[in-house]
Amino acid sequence: MAKYKSHILVCGGTSCQSSKSLSIAESLKVELAANGLENDVQVILTGCFGFCEEGPVVKVLPDNTIYTKVKSSDATKIVNEHIVKGVQVKSLQHEKLNKKQIRIALRNCGVIDPEKIEDYFARDGYQALGLVFNMGAQVAITEMKKSGLRGRGGGGFPTGLKWEFAHKNQSDQKYVVCNADEGDPGAFMDRSILEGDPHSVIEAMTINGFCIGATKGLIYIRAEYPLAIERLKIAINQAREYGLLGNDILGSGFNFDLELRYGAGAFVCGEETALIHSMEGDRGEPTVKPPFPAESGYLGKPTNVNNVETFANVPVIYLKGAEWFSSIGTEKSKGTKVFALAGKINNVGLIEVPMGITLREVIYEIGGGIKDGKKFKAVQTGGPSGGCLTEKHLDTPIDYDNLIAAGSMMGSGGMIVMDEDDCMVSVAKFYLDFTVEESCGKCSPCRIGNKRLYEVLERICEGKGTMEELDRLRNLSHVIKDASLCGLGQTSPNPVLSTMDNFYEEYLEHVKDHKCRAGQCKALMHYVIDAEACVGCTACARVCPVNAISGDRKMPHVIDAAICIKCGACMEKCKFNAINIQ
Amino acid sequence: MAKVKSLADLKKLREQLQSKLELREKGQDPDSRVQIKVAMATCGIASGAKTVMEFLSEELEKRSIDAMVTQTGCMGYCYAEPTIEVKLPNQEPVVFGYVDNQKADEIIEKYIKNGELVDGIIPKNYNSIDN
């Protein structure tokens, strides 16, 4: 059937393209034609292979030979040696490109049809549940503790320990809750798991129910995730039809069923006590811990709350054993973590990497490097509760403890990459804007403190900040951290503190020099026409919406700063690069 | 629907379904069946995966190609949505990115009919655990 005998795949990812992969493809075509092979061997451009530091990458099929750091001049060698004589070019060959990603939580995402329970069965679905019934609750909890799995929602509390607490507390009724209230800006890990593999979460919740002695499970999911809700509903019905939810599951005598609860999209409801209150029909406000939900949770009964990704890891741990799971990752953080990679990066995507991988590997090998070849500045992890990691953290292994030591946190897994065009004061202001909006208002440090922080940042961005205010920013941040009731307030100043720690010079520039080096703070920038470069074509004056530009034809033009609204239209229009930002 | 009563039942069910799944993938005649998976998570649908999936189902039928088009979750290549995975009989699956109707047409005509690859292949960049 195949017309071509072999294929040469050339990486057409952004990073390899910038190291001239397109001209390699052209040279290969020329060489093939010279050997009369253009109808036997096809040259194909592909997306990113994910080894950008080794790029440009070329792969020859069907024998799967990988060549790295290929130059256009190597095309002759590849065609003459490999294609014509069948001898691999050893000098360019790369033994085996180790794939950086391991998919555990996402093992079925993009593989099975999420609306067919049969597909899940074929991938060992619900087998772990049967195994857990056989081993008994106590052994199953011990196994979970041994695996070293920690909560993937952000806090990183050991999952097995959490289960044990809920197991030990005696009560006539207990509950299992799945926290699917994913709220960090730019994060979509949980949504993807629920949309791609809903049964893994259902199975894990049933396992959890058996372990702690709960017969009822609730999934708290935000109403903004209609597709995830629809697929969960289908999955729950299918599981009921097969008797995997309901009474006497798998002949074990254990009863368990699930219910969906919809959240209205309040960020604070991701905090477990607030989530429970919201499910009870009360205001979504956190309460003081203790008592922990394991003691008194939903309707005052012992409740175990775990995040979607945590649950998605559970069935695999029982199928493959705690030992296998704990062999992946670092000493204190086991397994993998799913990240939603976004921002100024070439390969925006959903990735799952073993704990202990470095930021450099994530950004440059999986992410394909920074967009448009710009300079890396920072990575924001942990969303509004996290902080920024900079160049000096690029080689730090990513795990719960290292991220906290670096002034950020794991969070639920949003990873936003920033480049030289991002102003770090504005970034801090963006997250503060979010927390001010999302604060439930129950305790004053969070409600009032964050608002004040935001106002100070706003003044700094307008060039009206003072040195005293910089000190106040830091002090107030610590007060909010120390005095707030729940996780939202305790972590909300993190974006401010971490940007102040890592980019203090940018704050100083804003305050002292009234300058924003990234050119993001509108109040601090001025458009200026370079009189020498300007040819007087009048293009800028014609495009200016407020007529701030004046000047005679063929004479240098001038921008009136008092009228200019800094829309940037003139700069875009100018063909002579005569307009600059100062 | 028959209820599953025990772990042994579940294992039996898996064996059956695995061979059924294999049948779905390879078909009665392993030389003829093509299997296509379309990444249909919110992100994929937002970039037009639904249209492409409909287009593929209709066109494959019109052109009398024995193929199975199914939906699946997020493959992780958000920068290249919509993404589809095409598995030709007895061959490794290939993922294509940036698939609109035009690209889908090219994939049917060139890859599915002639085994000729087209630009826009996304190399798989992760290892999955074996179940």
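Sequence lines, in order, name chains V and S. Per my numbering, residue 1 is the first one in the first sequence, and the count goes up by one each step. Per my numbering, residue 1001 is the first one in the second sequence, and the count goes up by one each step. The C-beta atom is built at its ideal place from N, Cα and C for all residues, glycine as well.
Exercise. Please classify V/Thr466: does DSSP put it in a helix, a strand, or coil?
Key: coil
Exercise. Quick one: which residues of the region 23 to 50 of chain V get their C-beta closer than 8 Å to a C-beta of chain S? List them in chain order.
Key: Gln42, Ile44, Leu45, Thr46, Gly47, Cys48, Phe49 and Gly50
Quiz item: What residues from chain S crowd round V/Val60, counting only those whose CB sits closer than 9 Å?
Solution: Result: empty, since nearest Cβ-Cβ is about 12 Å, beyond 9 Å.
Quiz item: From which residue to which residue does the alpha helix (DSSP H) around V/Glu272 run?
Solution: Glu272 to Met279
Quiz item: Along chain S, in chain order, which residues have C-beta atoms closer than 8 Å to that of V/Ala122?
Solution: Arg1014, Leu1017, Gln1018, Lys1020 and Leu1021
Self-check item: Neighbour list for V/Lys99 in chain S, Cβ cutoff strictly below 7 Å
Solution: Asn1125, Tyr1126 and Asn1127
Exercise. Return the bridge partner residues of S/Ala1067 from the DSSP annotation.
Key: S/Val1034
Quiz item: How about S/Met1068: is its C-beta nearer than 8 Å to some C-beta of chain V?
Solution: no
Exercise. Could you spell out the range, first to last residue, of the alpha helix (DSSP H) harbouring V/Val308?
Key: Val308 to Lys320
Exercise. Determine which residues share a DSSP beta bridge with V/Tyr527 and list them.
Key: V/Ile581
Quiz item: Listing by chain order, which chain S residues have their CB less than 7 Å from the CB of V/Asp113?
Solution: Thr1070, Gln1071 and Thr1072
Practice problem: With a floor of 4 residues, list each alpha helix (DSSP H) that falls wholly inside the region 222 to 291 of chain V, ordered by position along the chain. | Solution: 226 to 241 and 272 to 279
Quiz item: So, does the CB of V/Gly110 fall closer than 8 Å to a CB anywhere in chain S?
Solution: yes
Quiz item: Assuming V/Thr303 contacts V/Val436 under a Cβ cut-off of 8 Å, what Cβ separation, rounded to an integer in Å, is found between them?
Solution: Not a contact, Cβ separation roughly 30 Å.
Practice problem: Work out the CA separation of V/Gly407 and V/Ser278 for me, nearest whole Å. | Solution: 31 Å
Quiz item: Given that a residue counts as buried once 16 or more other Cβ atoms are within 10 Å of its Cβ, and exposed if not, what is V/Arg542?
Solution: exposed
Exercise. Can you have a look at V/Met500 and say buried or exposed, based on whether 16 or more other CB atoms are within 10 angstroms of its CB?
Key: buried
Quiz item: Among the residues of its own chain, which have a CB less than 6 Å from the CB of V/Val316, if the five just before and after it don't count?
Solution: Ile104
Quiz item: Three or more C-beta pairs closer than 8 Å, one from the region 198 to 213 of chain V and one from the region 311 to 327 of chain V: is that the case here?
Solution: yes
Quiz item: What is the rounded straight-line gap between the Cα of V/Ser147 and the Cα of V/Gln520?
Solution: 46 Å
Quiz item: So with Cβ pairs under 8 Å, would you call V/Tyr527 a contact of chain S?
Solution: no
Quiz prompt | Exposure label - V/Lys334; buried when at least 16 CB within 10 Å | solution = buried
Self-check item: From V/Asn475, V/Ile416 and V/Met409, residue whose alpha carbon lies closest to that of V/Ile363
Solution: V/Ile416
Quiz item: Mind pulling the chain V residues with CB within less than 7 Å of S/Asp1100?
Solution: Per Cβ cutoff of 7 Å: no residues; S/Asp1100 is ~15 Å from chain V at best.
Exercise. Can you pull the chain S residues whose beta carbon is under 7 Å from the beta carbon of V/Ser192, in chain order?
Key: Ala1041, Gly1073 and Cys1074
Quiz prompt | Proximal residues to V/Phe267 (C-beta, below 6 Å), its chain only, five neighbours per side dropped | solution = Gly183 and Glu438
Quiz item: Excluding five sequence neighbours on each side, which residues of the same chain lie with their C-beta closer than 6 Å to the C-beta of S/Glu1085?
Solution: Lys1037, Pro1093 and Val1095
Quiz item: With respect to the alpha helix (DSSP H) encompassing V/Ser426, which residues constitute its N-terminal and C-terminal limits?
Solution: Met424 to Glu438
Quiz item: Can you tell which of V/Gln101, V/Thr68 and V/Ile529 has its C-alpha closest to the C-alpha of V/Lys89?
Solution: With the sequence shown as reference, residue 89 of chain V is identified as Val, and Lys is not the correct amino acid for it. Cα-wise, what sits closest to V/Val89 is V/Thr68.
Quiz item: Using the beta-carbon of each residue, which ones in chain V are nearer than 8 Å to S/Asp1119?
Solution: Gly12, Ile44, Leu45 and Thr46
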